[in-house]
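So in this note's numbering, spot 160 of the sequence shown is number 161, and the numbers just go up one at a time. The beta carbon of each residue, even a glycine, is placed where N, CA and C say it ideally should be. Accompanying notes for the structure given below.
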Amino acid sequence: MTPKDIPLEVEPTAGPGLRGGLFNGRNLRLGGRDMRGLILFGLVAVVLVVVARTTTDTFFTESNFTNIMRQMVTNGLLSLGMLMVILTGGIDLSVGCVVAFAAISAVGLTYDQLDRYTSFPVPLAMAAAIVTGLLFGSANGILVARFKLAPFVVTLATMTTIRGLTFVFSDVPLRPSADVKDQFRWIGATTVGPVPVAIIVVAVAFALGWVFLNRTPLGRSIVAIGGNRETVRLAGISVTRGIVIAYMICGGLAALAGVILASRMGNVQPSLGVAFELDAIAACVIGGADLAGGKGSIHGTLAGVVILQLMNNLLSLWGVQDFWQQVFKGLIIILVILMQSQARRRN
């Protein structure tokens, strides 16, 4: 039996209404009870946009939309990687620290002013930073899949470890040296008209993610692992390989997000990335991913990213402080998890 023989849907749903999230598979279909939640949310979103339009002068400006797209890049890449892990029934709390380590290392490897590093060309420094993310993700996956450790505990431990390594690499903010600054900042700061180059990278990543989950045996097996791990094992498919690949993708995308963020900011703090994992998890669950595994979709996660960033932008324009935005995101996660739990009980 091959992964194609496994009866599964890559974009499943937890039932009628809002079960499984705001944007699960059925919620994107027309008609029936499944559309009610989507219609209600759409109405609320329209009301929020109208209020923002009437209370602010900057929401519908080109610069604001460019800013929304730029700020969506980091969480978009993190959420895509987090979806891969959540589909297997896992979680990765270390992604924020991987962002910080990749950002610091990408900048630090491009110059030798600290007399500790050999200067790397910018593309090679960025590639090396992304490789570190792949290695961190592989370590998480091996500990979870091979040694049967709880994903929460493993990634909590690696989160602390990676954060410490980031401060070992540099305990002071870093910025690219003047001779490579323009080259380093190209991918994060360049725009094509009003569209940032970085958001194009995110669009390509989501397209490849859709192809991977829907059109490849390995991608389908990752979804199947979260749905019924024992069935996948009995079908002769390596559960360990699927989980390791999922965590590796998550780590690699987190590192890519760190590199792009460093490129956009131009000045990287070793404390970067705190609570980034919360945004990624929130986008996934808003998009219909079930933290128990086996349920979620690329388009749902993308919708979750867009909605979350739109909410953040509106709250910022209204002058809501950042810590209240964190409270809001936490409440969203709790609400969606409660809905998912109710759906499982009814089923």
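Could you give the residue range of the alpha helix (DSSP H) that holds F121?
On the sequence shown, residue 121 is found 120 positions in, with the first residue counted as 1. First-last for F121: undefined, no H or E at that position.
What does the alpha-carbon distance come out to for the pair G243 and L79?
Stepping through the sequence shown from its first residue, residue 243 is reached at position 242. Stepping through the sequence shown from its first residue, residue 79 is reached at position 78. Each residue's Cα considered, the two are about 19 Å apart.
Quick check on the burial criterion: 16 or more other C-beta atoms within 10 angstroms. Buried or exposed for L88?
Indexing the sequence shown from 1 puts residue 88 at position 87. Under this definition L88 is a buried residue.
Quick one: is R221 buried, meaning 16 or more other Cβ sit within 10 Å of its Cβ, or exposed?
Taking the sequence shown and counting its residues from 1, one reaches residue 221 at position 220. Label assigned to R221: buried.
Please classify V196: does DSSP put it in a helix, a strand, or coil?
Counting from one through the sequence shown, the residue named residue 196 turns up at place 195. Here V196 sits in strand by DSSP.
Am I right that A263 and V132 are in contact with their C-beta atoms under 8 Å? What's the rounded C-beta distance?
Here residue 263 refers to the residue found at position 262 of the sequence shown. Here residue 132 refers to the residue found at position 131 of the sequence shown. A263 to V132, Cβ: 15 Å. No contact.
When the Cα atoms are used, what is the spatial distance from F277 to K182?
Here residue 277 refers to the residue found at position 276 of the sequence shown. Here residue 182 refers to the residue found at position 181 of the sequence shown. If you take the alpha carbons of F277 and K182, they lie about 26 Å apart.
In its own chain, which residues sit with a C-beta less than 6 Å from the C-beta of L94, not counting the 5 before and 5 after it?
By 1-based counting over the sequence shown, the position of residue 94 is 93. Excluding positions up to five away in sequence, the list reads T156, L157, M160, E278.
Looking at C-beta atoms only, is the number of pairs between the segment 68 to 84 and the segment 307 to 315 that lie closer than 8 Å three or more?
yes
Given that a residue counts as buried once 16 or more other Cβ atoms are within 10 Å of its Cβ, and exposed if not, what is A255?
Sequence index remark: in the sequence shown, residue 255 carries index 254 (1-based). Looking at its Cβ environment, which holds 16 or more other Cβ atoms inside 10 Å, A255 is buried.
Tell me which residue opens and which closes the alpha helix (DSSP H) that T302 is part of.
One-based indexing of the sequence shown puts residue 302 at position 301. Here the alpha helix (DSSP H) through T302 covers 299 to 318.
Name, in chain order, the residues that DSSP records as bridge partners for L175.
By 1-based counting over the sequence shown, the position of residue 175 is 174. Per DSSP, V269.
Going by DSSP in three states, D323 sits in which element: helix, strand or coil?
Along the sequence shown, read from residue 1 onward, the residue named residue 323 stands at position 322. Correct three-state label for D323: helix.
I need the DSSP call for S95, collapsed to helix, strand or coil.
Start at 1 with the first residue of the sequence shown, and residue 95 comes out as number 94. Three-state DSSP puts S95 in coil, outside helix and strand.
Would V223 pass as a contact of F170 if the rule is Cβ separation under 8 Å?
Locating residue 223 in the sequence shown gives position 222, where the first residue counts as 1. Locating residue 170 in the sequence shown gives position 169, where the first residue counts as 1. Reading off the sequence, residue 223 comes out as Ile, not Val. Cβ atoms of I223 and F170: not closer than 8 Å.
Name the residue from L81, I226, L84, P177 whose alpha carbon lies nearest to the alpha carbon of F121.
What you label residue 121 is simply residue 120 of the sequence shown in a count that begins at 1. Answer by Cα proximity: P177.
Tell me whether the beta-carbon of T111 lies closer than 8 Å to the beta-carbon of A101.
Here the question's residue 111 lines up with position 110 in the sequence shown. Here the question's residue 101 lines up with position 100 in the sequence shown. Not closer than 8 Å, so no.
By alpha-carbon positions, which one of G294, V52, A103, L136 ends up nearest to I246?
To locate residue 246, count along the sequence shown from 1; it is residue 245. Among G294, V52, A103, L136, the Cα nearest to that of I246 is on L136.
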